[in-house]
């Protein structure tokens, strides 16, 4: 009994000691992280462009030229990036009080005229970045030169009419340019601290444009291309983000980089690191987006915010500037992007504590939330974990634990969004207090309209045509409990805005009326005009002429006629077709009405009638009313000023806008002028349909044809539907599928070979050729040096009996020619390659020798 008690006490002591050690390690880790971040903020604040900063212990570096022993060796030291061959930071180690942090400010493709905007690299923990841009080959940007727009024109995100329109400029506007496209047709412009592209044809031409550097996405300044390695293990600390490279570009500018051979473009903040066992490169998008380009296959992979992708890495080579064979390069396409879980995001929460002064803007990591005091973790750790202290009331759950979002969905409409009033419907969700209904401008990803609907109602009548949704729309519904989101339907597919799907039926019933045409004040006859429409047959018209009835007829379906009123007054009448009769009321045409009031002030406005894309003209309708004379209309059509006219007192006219944008115009009558405001009728064209389906495959890994299977990567692009993939797995049929328009998948070949397969979308099929993914035997070595010899086979007497000799040869690279002497008589023969032997006769039993020769060698 005493022994068991002793064992129990020992176990308790060991467990308590373990907890104490763990708590002490966490305390030391938290303190080290706080110390490091504070030091980096102080040491690297105000870092100049194209420089690197030693932030916190320990940072190591090598340089392209010899430097002093103490150069860049202490915190707060800086160096020019162009001098760096490699920079590396140490992993977290509380015992050594080190957590290496370095900061680099890289210009990349940011214009010279924006000196305060740079690309920030932050090396955190066990990270090594090797410069891949030789100083002699580094791209040098130039200071921008002024230019002037010749016409109103669009600014696009890239040098192509397929690129998105990001802004526009009117005629005679100043703009800065600092580069040109490879074909010289487009110029890179700087506007509103952003960059874009304009067609050279819309700017006042200048010969100096020809001297601008070319930007085509492949130019690289120092550290714009690099090779990365990171640690894949080590000390773990909940308070620290370890062994990652953080890259952040300026807001509103896409940054071009090359990482381990992969050409990418980032549009905000990403994390890059290696995953175990060190041959997988991972990209995580914290904010904005990432695009990975496959230049060999002409494809792109877009990774949105909150998603990750991976690429495999090949064995090391010497490709960077440090001279070591350790540069890993990507050798497979990126994996399909997948969302990062909240737990995975949790390991990057430390980045929220990095001072915004070191960055372009502060980092906000999804799922880290609005944390309490950063020392709260220490408080909880140091107190009794079995008796936690709760400050304030715990939050109520936002929904029943059994609530599921699987059945929460949009119901109607699922296709086009009508531009007229329509009832939008969705399914209900248990526990929802209200629903937030949102409509999005899909072209610009902007919220156009939002409605609140209190539960249990699950529909809303909305007129979306009055909101700025553009031509392409998405809608979604959020189920809410207070301000907490319970579930989301997710956005609908992008759809076009359409007209009223249920227009009111046309009124086809008979209608008729009459008005005075001429007046009489002395009892003389007057006239009236009778009008009708919607008649399904010829009409019969009867009216009182003052001293009896008169009648006439009229044609279907509509028309008018002038009739007489003998005494200037009528008691009324009727207009009838085959099945309807309309009563005409009494009509008094004795007294002429007073003259109309003077016209009110001129009114005029204009709206887009049809949208254009900046190259295809748009049209606009100009409407005016209350004009006291013919109106004069003057407007900007995007290229020049156009003058036209219209009749009084009201009217409308459709005009053309050549660039889809106008700076405005005027509508004038005798005494009034109305200004027409600037009008933007731009609408991006729909994306082009997918091109011909393309597909191929190649070996990814080689097996042994027995117990180790091979793998192959199948890649496709330009699919107009989900693709069906059928292939032969070593004589066994296999199949899979993939998403449109492009992608890749890795399949297994059990015995290392395939006779081929197919990739098919809705209307095309591409054949995959046979594939052998087994290791190939090495080729036979080339023939070695020719060797030859001979010896007596039988002996003769030089008279009666002849002798024989055997000639042997090997390593011949062609047929051999054999020449030999038989007692002064030349003889010859030949033999096949690469080796062989032949028996020759020596009549004299003696020879002075001979030769054996192939194509390039001779043996005596």
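Residue numbers (this note's numbering): 8 to 867.
Ideal placement from N, C-alpha and C gives every residue a C-beta, glycine not left out.
Nearest-angstrom Cα distance between residue 667 and residue 177?
11 Å
With DSSP as the reference, please indicate the residues paired to residue 682 in a beta bridge.
673
In or out: residue 470 buried (at least 16 other Cβ within 10 Å) or exposed?
exposed
Based on the DSSP output, what are the partners of residue 730 in its beta bridges?
745
Rounding to the nearest angstrom, what Cα-Cα distance links residue 466 and residue 49 in this structure?
56 Å
According to DSSP, simplified to helix, strand and coil, what is residue 537?
strand
Under 6 Å Cβ to Cβ from residue 676, same chain only, skipping five residues before and after it: list those, please.
609, 634, 635, 636, 638
Pairwise C-alpha distance: residue 801 and residue 846:
10 Å
Where DSSP assigns a beta bridge to residue 556, which residues make up the other side?
551
Can you round the beta-carbon distance between residue 3 and residue 346 to whole angstroms, since I take them to be within the 8 Å contact cut?
For residue 3 there is no data in the structure shown, the boundaries of the chain being 8 and 867.
Neighbourhood of residue 860 by C-beta, 7 Å cutoff - its chain only, sequence neighbours within 5 removed
823, 824
If you count every other CB in all the chains shown that lies within 10 Å of the CB of residue 230, and 16 or more means buried, which is it?
buried
So residue 352 is in the alpha helix (DSSP H); what residue range does that whole segment cover?
349-353
Would you call the region 728-740 in contact with the region 678-689, where contact means no fewer than 3 C-beta pairs closer than 8 Å?
no
I think residue 495 touches residue 421, with their Cβ atoms under 8 Å apart; what is that distance to the nearest whole Å?
Actually they do not touch by this definition, with Cβ atoms about 16 Å apart.
Could you tell me whether the region 748-764 touches the region 712-721, where touching means 3 or more Cβ pairs closer than 8 Å?
yes
Residue 208 in three-state terms, based on DSSP:
helix
Residue interval of the beta strand (DSSP E) (run including residue 524):
518-525
Mapping DSSP to helix, strand and coil, what is residue 886?
Examination of residue 886 is not possible in this model, given that the chain is present from 8 through 867 alone.
Roughly how many whole angstroms lie between the Cα atoms of residue 78 and residue 701?
54 Å
Kindly confirm or deny that the region 443-451 and the region 475-485 touch, where touching means at least three C-beta pairs closer than 8 Å.
yes
Starting from the N-terminal side, write out each stretch of the beta strand (DSSP E) that is 3 residues or longer and does not extend beyond the region 56-141.
58-63, 66-70, 85-87, 91-96, 108-113, 126-131, 134-138
Helix, strand or coil for residue 36, going by three-state DSSP, please let me know.
helix
Short of 6 Å in beta carbon distance, which residues of its chain neighbour residue 803, apart from the five on each side in sequence? Order them along the chain.
809, 810, 852
Leaving out five residues on either side along the sequence, give the residues of the same chain with a beta carbon under 7 Å from the beta carbon of residue 897.
The requested residue 897 does not occur in the structure, where the chain is confined to residues 8 to 867.
Specify the secondary structure class of residue 725 as computed by DSSP and reduced to three states.
coil
Just checking my contact of residue 572 with residue 533 at CB under 8 Å: how many whole Å lie between their CB atoms?
5 Å
Report yes if the CB atom of residue 213 is closer than 8 Å to the CB atom of residue 154, and no otherwise.
yes
Given this structure, state the Cα-to-Cα distance separating residue 199 from residue 118, to the nearest angstrom.
12 Å
Just curious, the beta strand (DSSP E) that residue 824 is in, first and last residue?
823-829
Starting from residue 336, trace the beta strand (DSSP E) in both directions and tell me its first and last residue.
Segment: none, residue 336 is in no beta strand (DSSP E) and carries neither H nor E.
Work out the CA separation of residue 228 and residue 147 for me, nearest whole Å.
7 Å
Quick check: residue 725 and residue 748, are their CB atoms within less than 8 Å of each other?
yes
Just to confirm the assignment, what range does the beta strand (DSSP E) spanning residue 833 have?
832-838
Quick one: residues in its chain with C-beta nearer than 6 Å to the C-beta of residue 223, no 5 flanking neighbours on either side, listed in chain order?
189
Using alpha carbons as the reference points, say which of 321, 342, 340, 343 lies closest to residue 333.
321
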